[in-house]
Each structure stands twice: as structure tokens, then as C-alpha cells.
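Heads up: the protein sequence lines correspond to chains A and B, in order.
Quick note, the working numbering runs 1110 ahead of the 1-based positions in the first sequence.
Quick note, the working numbering runs 1110 ahead of the 1-based positions in the second sequence.
For glycine and all other residues, C-beta sits at the position ideal for the given N, C-alpha and C.
Structure, as C-alpha cells:
2 protein chains.
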Amino acid sequence: MADPLRLGIAGLGTVGAGVVGIVQRHADLLTARTGRTIAITSVSARDRSKDRGVDLSAYAWEDDPVTLAKRDDVDIFVELMGGDSGPALDATKAALAAGKDVVTANKAMLAHHGQALAEAAEAAGRTIRFEAAVAGGIPVVKALTESLAGNKITRVMGVMNGTCNYILTRMESAGLPYDDVFAEADALGFLEADPTLDVGGIDAGHKLALLASIAFGTKPDFDGMRIEGIERISIDDINRAADMGYRIKLLGVAQQTADGVEQRMQPCLVPASSPIGQLEGGTNMVVIEGDAVEQIVLRGPGAGQGPTASAVMGDVCDLARGIRIPTFGQPAGTLADSPPARSARPAPYYLRMTLADKPGALAKVATILGQHELSIDRMRQYDHAELEAPVLIVTHAAAPDALDAALRALETTDVVLAPPVALRIEAV
Amino acid sequence: MADPLRLGIAGLGTVGAGVVGIVQRHADLLTARTGRTIAITSVSARDRSKDRGVDLSAYAWEDDPVTLAKRDDVDIFVELMGGDSGPALDATKAALAAGKDVVTANKAMLAHHGQALAEAAEAAGRTIRFEAAVAGGIPVVKALTESLAGNKITRVMGVMNGTCNYILTRMESAGLPYDDVFAEADALGFLEADPTLDVGGIDAGHKLALLASIAFGTKPDFDGMRIEGIERISIDDINRAADMGYRIKLLGVAQQTADGVEQRMQPCLVPASSPIGQLEGGTNMVVIEGDAVEQIVLRGPGAGQGPTASAVMGDVCDLARGIRIPTFGQPAGTLADSPPARSARPAPYYLRMTLADKPGALAKVATILGQHELSIDRMRQYDHAELEAPVLIVTHAAAPDALDAALRALETTDVVLAPPVALRIEAV
């Protein structure tokens, strides 16, 4: 049998403890499948004394993840600390420089530093695998990088933040306002330390940027992504959408356009009966379209100890089996710079705005929309409070640029009291 | 750059022509992703003169696939002829003996000869990859073998024959009887040369046997599978199921039980609103459950030129990248013999039978069911023809063995005019 494969694990939170659990529980299974013993030699975390529900006594302890990353008895540095820079980045760089492969669940770090890290990995003859960074237990990185390698990928799309999906589905099912459900999610421990990473769409955006890089052979370009969060979605929006047969989802779309790669992460209305519309709670779904495969849809748990540890171990087993693919599927030096592009593809839009309750307000809005070639499919003014009139408008299919121009024009009037909520209606 | 990877393709039907098309169309993409030129050196098919819509003039032609399989200028033998033995098997053996890797879409051959072929591959230091053999473009073999390698797999389940699913969904949507839709499917070219492979559940059974082997580390055991086809499903069954909120699907289930591996492929009633219940036409869906990942669901086109060629090329790219995993995920010699097992898990059953229209017939049926501890949830005798009374019964949850015993007892009576149709109701 080949030599044991030795893991050094930095970060012993939920996922780290899950990885330790699998290595301990499934030692025989892992050896049968990979032909090697998979051994943990050393671990690192902030607090040595914390009970994590797994026995760590057989492993060396390092207070400093950078020291762990460089240990001679580590073949794979398993980075489960998180954070887009700081210790995670330092230790990952150290591991690569010391000739270790890296397995990580850290989408933030890769979205921001993936290109430089991929180059460093290649210089060292190593790779970085990150299945666990995107959509938890769903094998989307592998599907895109390996299974679909014979395809020109045309579009990647999906719901990739379980917390947002939990909040949106819970608002609908319980009829609760955003703030209440946000507080619930916080109490349940569903939110990142900085919750804007979740509800601001940033975490999901990190994931989409990584998938886009693999799909289109481009450098990860998180800064080129258009991102909107779910913070401004009200229970009214959810109810109005439901009345029309839609549900609101934080939907990511990355696609090749004539001008470059379009990447957007934004709440959209999707048909309630569609697979994406039916996604509940923390479940994630990724849709991949390629010229040969047509469309495949992958669904599963987007987070959680078991599913995320499963993804980490899939990467570890690949490396144990000698599979070492370039980080983003092709050599980092061959990844293209792709200008951020914007789809011109028209779609209907849902608009909600609050108008000053004075004569001619609605007419003014309708005029501005018309001036920007936005034609109105339905418009409704509903149960309004004193001096404020909430208005709901659904447009016919309109170009995104036309919509943006109209929104800017609306904001300059004296009749629209706050920036309108504008949600694209996607026929997914 | 590494040496070119040279393919010899035997079988130039829909899928073979699709593979040629991808290699020609995406030469640059394939090289960017694998670091190698992927070249076709030689091809083989029954009829050299047929126009397949692709230019084959640059490739050597072999009339005999065995000769092609042994050519010095072939690194990978791509077997797309089909058939569980004959030329496909002969050529695959020849390729392995000559030290070639094999990529195949041939589930029948692997379900019957997979163990021997996997052993032959290992003896030669080669492998057989077969993503295209199961569920067309859906990367289920890779997900199970690689992505979920850290899991003890508990269950694999799915709809894996697009033709059966087409027939069942078309019967429902058009309100047509089985024979009419079967004739339609035949006219559309959806059926295998021997249509019982499709409608008898055999083709789907082949696929399930391969997945079960990977999932449970057992030798492929097609003979140990319980298989029922869809031939006896009537439009009445479909309509009655729909009335109760169900749809009928040819569902495969493989799971580890205390006594061994249970494998069954049979038409079942599933909730119409479930993801499997909503599958339309030729779409396939595979559900994989593991102790860490919980559940992932993969959906996509189960057949067709592009999707199947995509799967073939995924395997080719893996080999080009140096990925060479044992055929069924672990060395063939370590695969266990597993006795076929039968789940004791109770489920409700749908029963349709035709009774002789004479006094006491229904009472006799009810008595027999009661004697076998099958309790009746609902029973309905409907619009009956002269001398024959169709009866529909839905039982409460019952053990499969109890149901079988009751069915045997019913058949020995003089009141049940034909073997009852009995369909398990699965809460998928």
C-alpha cells in the first residue's frame, strides 16, 4: 500500500470537527476507496480547551496555523478557519510554499485571492481544492471542472446561500417580517459573524465567482459581480409575489455574453412551481448549462457539519488517489481577464415603491416608465398609510439598462419617497 | 505539453458521432483543460458508407472493433457499440489486454461482465470509466465514486430510463393507453432494438446494479435485483394514482440492509408534488444518500447525443488529466459478494385486480388480505364490464413479504381473473 496521506487541519469549528469525525469513523472505508491510510497528524484552532465532541488527543496541537501548515508531517493543509485574509490566507500561502496541497472551504479567501493562490499552487506543483466552499455537500465544483470538461459552459445559475433561502422561505411560511426572521436566524446560529456576508449576497457572490472562473476559463472576478442582498425584501413583496405565482429567491447567474462574463447575484422572482421556486430552507440548487449536456441540476444541503465535511473529504480522497487538477480547472496562467458584462436580455420586472400621496404622483411614475420604454403589465396601489401610497408595478419584458435608467429617473422625482425595490422576474 | 491522448472509437451511432463532434469542435477547450491534445486516430462501425454528419476522413477506419482496440496508436478505447456481449465485449477485453483504458456507455456489458472486466483492467494497470452508461449527462458515477468517497452510502434511488418515463408521462398527459404510447415511442426511435430492455426495466436495472456496486463496495449483481417493468401499467392505474395525488414512475432503489444489499427496479406510486413525481419525459433523476452528506439530488437528460457524449468526454478528460480510479471505485478484488436482500420496510401498496362478477368475490379478497395482515385503507369497485369487476385497493403500510404472500394466495382463488397489479407507494 502507498504511504499514508497526512492531514493538518486548521480550524475546528463545526466543519473541522465533522472532518475529524469522518476520518476517525470511516478509516477502513477511506482506505478501501483510496488505497491509502488517511491520517490526521496535527490540528490547530483558536481555543485548545473547547470540547468539540471529537477526540483530538492523538494529534499534535499547533496554536499557529502557519506553523501547522509548514509541518513536515503534513501532506495536505486543510483550511477550515474562514476569513478572506488574515490567518487563513497566511497559512494557505505558507502551506503552498512548503509544497503542500490545500483543501479549503473558504470561498471568501478564494474569491479575493484565488488567482494569486492558484498561481502559487502551480509554482509549487500543488493544487487547491475547494468543493466545500461552494454549495456545501453538492459536488458542483467537481461536476463543472471534471464531468463537464467536454462542454462549452453557457450558464451557471443557482441558489447558494442557505441562510438567505431560510429567511425568505420562513418569511413566507410564517408570514413574518424580515427583521423578525433575521433575529430568528441569528438566534439559531445561521448567520455569519458579519451577517451582511449572508443577507447582503456577498457569501453567495463569492461562490458564484468561483464557479464562473471554472465555467468560463476566466480569472475569478468577484469585483466584477453585480450584487444585491435581500435586506430590502419585505413580507409584502413576498406576499405580492406569491399572489402572482412567484417566490423570491436570491439567485446567482453567471453567463458568457458577447461582451464578457456577466455575473449577478440578486433577489429575483421565480415561478413558485419551478425547481428553484420550490427550494426550502437551507437547501441549495445549482443549474449548469453546457452546449453538449444541455442542463443538469444539482440539489442538496448547502451547509452543515456532515455535508460540508463530506465535500472536504471528497477533495481529500481525490488527492489521496493522486488526482491533482489545476485550482480553477486549467493552469492559472491561462485564465483569461474577462471584462464584466451586463446581459441585455430583457425580462419583466417587479417594482415596489412608495409614493407621496398627492395628486398626479402615479401619473408621473407612469410617464417616467414610458419615457424609458418600460411598458406596464399591471399596476396596483394598495392599502395605504397616511401620506404614503405603496404601489406595485409589474412591467413587460424590459432591458436591464432601460430599467436602471428609469429607476435613476424615478429617484430624482419628488413623488417617490424611497429608492424603489426592483426585482427581475426570471423564468428559470 | 504532454503527448496527445489518442482515442479509438468503436460505434458511430448517435453518441459516437456526438463524441467525434465534441473532439472536433472543442479541440482548444479540451487542450486548455487537460493540458493535452485529444485526438481521434481511428474509428469503427458496421457501415462505413453511412453519413453520420461528421467528417471522419482524417481517421483510420477499421471494420473490426477488436482490431481497432489493439491498435498501437490508440490510448483509450471508446466503446459505444452496445450489447452485453459480442463485439463490444470482445473488443473491450482486447483493449484491456493490449493495455488501453476503456471508456464506455455500455451498461448491459458492465452489469453482466463488470467484475471480470474490472479485474482484467486492474491486471493490465488500466481502468474502465462508464459515466455515460448511467443516466446520460448526469455525473452520477463521478459523484458517487469521488465526491462522496467520505460517506458510507445508505441509499441510491432514481428514475434512470427516459423511455419508460416518457411513456408514463405521455400516457397521463395525453390520456392514451400503454399500447398507443408504446407505438409512438417506437416511431420516435426512443426504444432499444429489443424494447423489453426499456419497458421491462432491464436497462434501468443495469444502471442501478452499477451504482449499487460503487455505493456499497460490492460486486455488480444484476441477477440479484428484483425487476418489474411497466408493461402492465394501464391508463386506469395512472388516472387512479393521479386522483390520489400520485404519479407512477419506474423507480430504482438500492440500499444496504442488515442482510445484504437490496436492489429493486419497479414501477411505484410517488407523490405527484415530489421532485421525482414531477419528472417529465426523458429526464432522469438520481438521489444519493450518505451518512455525512445527507441527501443530494442530481437531475438531467438521461439520454441523447449531446448529454451522453458529454459524459463520455468527461471520462476522456479525466484520463487525459491522469485520473485513473478503479472501475467500481475500489480494487475489483476487494469488492464484496453481497447476498441479495429484501427490505422489510413496510409501505402502502396500490392493488388493482379484476374480479369475477359473482357474489362474495370482494369479500373473499378482503378476507385473504386480512389473513396476511394487510389492512385496507380504501377499496373501490368501479365502472365494470359484463362479468368482470375491476377493483382498486390501497392498503395501509404492509411488509413486502406479507404483500407477496397475499398476492400468491389471491392468484389461487377462482375470483381473481388475472394476476393483480401491485405497486408500492413510496414517500420519496
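| said: Restricting to runs no shorter than 4 residues, where is the alpha helix (DSSP H) found entirely within the region 1380-1422 of chain B? | reply: none
| Test: A:VAL1407 CB closer than 8 Å to a CB of chain B | Locating residue 1407 of chain A in the first sequence gives position 297, where the first residue counts as 1. Cβ-Cβ to chain B under 8 Å: yes for A:VAL1407.
| message | Is there a Cβ of chain B sitting closer than 8 Å to that of A:SER1453, yes or no? | response | Translated into the one-based positions of the first sequence, residue 1453 of chain A becomes position 343. So, not an interface residue.
| Residues in the region 1427-1461 of chain B with C-beta within 9 Å of chain A's C-beta atoms, listed in sequence order? | CYS1427, ASP1428, ALA1430, ARG1431, GLY1432, ILE1433, ARG1434, ILE1435, PRO1436, GLY1439, GLN1440, PRO1441 and THR1444
| request: Would you verify that the beta carbon of B:GLU1232 is, or is not, closer than 8 Å to some beta carbon of chain A? | output: Sequence index remark: in the second sequence, residue 1232 of chain B carries index 122 (1-based). Not closer than 8 Å to any Cβ of chain A, the Cβ of B:GLU1232 fails to qualify, so no.
| request: Would you tell me roughly how many angstroms separate the C-alpha atoms of B:MET1589 and B:ALA1519, rounded to the nearest one? | output: The structure shown does not extend to residue 1589 of chain B, since chain B spans only 1111 to 1538, so no value can be given for it.
| What is the DSSP secondary structure of A:ARG1462, counted as helix, strand or coil? | Translated into the one-based positions of the first sequence, residue 1462 of chain A becomes position 352. Strand at A:ARG1462.
| query | Is DSSP giving B:MET1281 helix, strand or coil here? | reply | Here residue 1281 of chain B is taken as the residue at index 171 of the second sequence, counted from 1. Reduced to three states, the DSSP call for B:MET1281 is helix.
| query | chain B partners of A:ASN1404, CB-CB under 9 Å? | reply | Taking the first sequence and counting its residues from 1, the one referred to as residue 1404 of chain A is at position 294. Sequence check: residue 1404 of chain A is Glu here, not Asn. What A:GLU1404 touches in chain B: GLY1247, GLY1410, PRO1411, GLY1414, GLY1416, PRO1417 and SER1420.
| message | Only counting the same chain, and skipping five residues up and downstream in sequence, which positions put a Cβ closer than 6 Å to that of A:THR1147? | response | On the first sequence, position 37 is the one that residue 1147 of chain A refers to. Answer for A:THR1147: PRO1114 and THR1141, listed in chain order.
| query | So, is B:GLY1327 buried or exposed, given that buried needs 16 or more other C-beta atoms within 10 angstroms? | reply | Within the second sequence, the letter at position 217 stands for residue 1327 of chain B. B:GLY1327 comes out buried.
| said: Would you say B:GLY1327 lies against chain E (beta-carbon separation less than 8 Å)? | reply: Within the model displayed, chain E is absent; protein chains A and B are what it includes.
| field | Inter-stretch contact (C-beta, 8 Å, three-pair minimum) for the region 1519-1533 of chain B and the region 1463-1470 of chain B | value | yes
| task | In the DSSP assignment, find the unbroken alpha helix (DSSP H) run with B:ARG1181 in it and report its ends. | result | Within the second sequence, residue 1181 of chain B is the residue found at index 71, counting from 1. Unbroken run through B:ARG1181: none, as it is neither H nor E.
| message | Can you list, in chain order, the residues of its chain with a C-beta nearer than 6 Å to that of B:GLY1315? Leave out the 5 residues immediately preceding and following it. | response | Within the second sequence, residue 1315 of chain B is the residue found at index 205, counting from 1. So the qualifying residues of the chain are MET1335, ILE1337 and MET1375.
| query | Using the beta-carbon of each residue, which ones in chain B are nearer than 7 Å to A:ILE1132? | reply | The count along the first sequence starts at 1 and reaches residue 1132 of chain A at position 22. Per Cβ cutoff of 7 Å: GLY1260 and ALA1402.
| message | Rounding to the nearest angstrom, what Cα-Cα distance links B:GLY1126 and B:SER1152 in this structure? | response | Position 16 of the second sequence, counting from 1, holds the residue named residue 1126 of chain B. Position 42 of the second sequence, counting from 1, holds the residue named residue 1152 of chain B. Cα-Cα distance, rounded: 12 Å.
| Can you tell me where the beta strand (DSSP E) with A:LEU1502 in it begins and where it stops? | As a working note, residue 1502 of chain A is residue 392 in the first sequence. Its beta strand (DSSP E) spans residues 1498-1505.
| said: Can you confirm whether B:GLU1498, when its beta carbon is compared against all beta carbons of chain A, has any partner nearer than 8 Å? | reply: Stepping through the second sequence from its first residue, residue 1498 of chain B is reached at position 388. With 8 Å as the cut-off, B:GLU1498 does not count as an interface residue toward chain A.
| request: Please report how far the alpha carbon of A:ALA1179 lies from the alpha carbon of A:VAL1422, in whole angstroms. | output: By 1-based counting over the first sequence, the position of residue 1179 of chain A is 69. By 1-based counting over the first sequence, the position of residue 1422 of chain A is 312. About 17 Å.
| request: Quickly, what does DSSP pair A:MET1489 with across the bridge? List them, please. | output: Here residue 1489 of chain A is taken as the residue at index 379 of the first sequence, counted from 1. Per DSSP, A:ILE1503.
| Along chain A, in chain order, which residues have C-beta atoms closer than 8 Å to that of B:GLY1387? | Along the second sequence, read from residue 1 onward, the residue named residue 1387 of chain B stands at position 277. Those do not exist, as B:GLY1387 stays about 12 Å from chain A at its closest Cβ, beyond 8 Å.
| Listing by chain order, which chain B residues have their CB less than 8 Å from the CB of A:GLU1241? | Locating residue 1241 of chain A in the first sequence gives position 131, counting from the first residue. What A:GLU1241 touches in chain B: SER1257.
| For B:ARG1236, is the classification buried or exposed, using 16 other Cβ atoms within 10 angstroms of its Cβ as the cut-off for buried? | Taking the second sequence and counting its residues from 1, one reaches residue 1236 of chain B at position 126. Buried: at least 16 other Cβ atoms inside 10 Å.
| query | Going along chain A, which residues have a C-beta under 7 Å from B:GLY1424? | reply | Position 314 of the second sequence, counted from the first residue, corresponds to residue 1424 of chain B. Per Cβ cutoff of 7 Å: GLU1256, SER1257, LEU1258, ALA1259 and GLY1260.
| task | Please check the pair A:GLY1362 and A:LYS1262, which I expect to be a contact at CB under 8 Å, by giving their CB distance rounded to whole angstroms. | result | In the first sequence, counting from the first residue as 1, residue 1362 of chain A sits at position 252. In the first sequence, counting from the first residue as 1, residue 1262 of chain A sits at position 152. Not a contact, Cβ separation roughly 20 Å.
| query | Can you name the residues that DSSP bridges to A:GLU1172? | reply | Counted from its first residue, the first sequence places residue 1172 of chain A at position 62. A:GLU1172 is bridged to A:SER1154.
| Cutoff 6 Å; reference B:VAL1291; Cβ partners in own chain excluding five residues on either side | Indexing the second sequence from 1 puts residue 1291 of chain B at position 181. So the qualifying residues of the chain are ILE1277, ARG1280 and MET1281.
| field | Minimum C-alpha distance to B:PRO1377 - residue among B:ALA1532, B:LEU1445 and B:ASP1157 | value | Here residue 1377 of chain B corresponds to residue number 267 of the second sequence, with the count starting at 1. Of the listed residues, the one whose Cα sits closest to B:PRO1377 is B:ALA1532.
| field | Stretch-stretch touch, CB-based, cutoff 8 Å, three pairs: the region 1416-1432 of chain A with the region 1205-1216 of chain A | value | yes
| task | Give a yes or no on contact between the region 1224-1235 of chain B and the region 1502-1509 of chain B, applying the rule of three or more CB pairs nearer than 8 Å. | result | no
| field | Residue-level contact to chain B via CB, A:ALA1142, 8 Å cutoff | value | To locate residue 1142 of chain A, count along the first sequence from 1; it is residue 32. At least one chain B Cβ lies under 8 Å of A:ALA1142.
| said: If distances are taken between C-alpha atoms only, which option among A:TYR1356, A:GLU1229 and A:LEU1360 comes closest to A:PRO1381? | reply: On the first sequence, position 271 is the one that residue 1381 of chain A refers to. Out of A:TYR1356, A:GLU1229 and A:LEU1360, A:TYR1356 has the C-alpha closest to the C-alpha of A:PRO1381.
| What residues in its chain sit with their C-beta under 8 Å from that of A:ASP1296, if we drop five residues either side in the sequence? | Along the first sequence, one-based indexing puts residue 1296 of chain A at 186. Cβ within range, chain order: PRO1305.
| For A:LEU1361, which of helix, strand or coil comes out of DSSP? | If you number the first sequence from 1, residue 1361 of chain A lands on position 251. The answer is strand: DSSP assigns A:LEU1361 an E or B state.
| request: Can you give me the start and stop residues for the beta strand (DSSP E) that A:ILE1324 sits inside? | output: One-based indexing of the first sequence puts residue 1324 of chain A at position 214. Counting along the chain, A:ILE1324 falls outside any beta strand (DSSP E), though it belongs to the alpha helix (DSSP H) covering 1312-1326.
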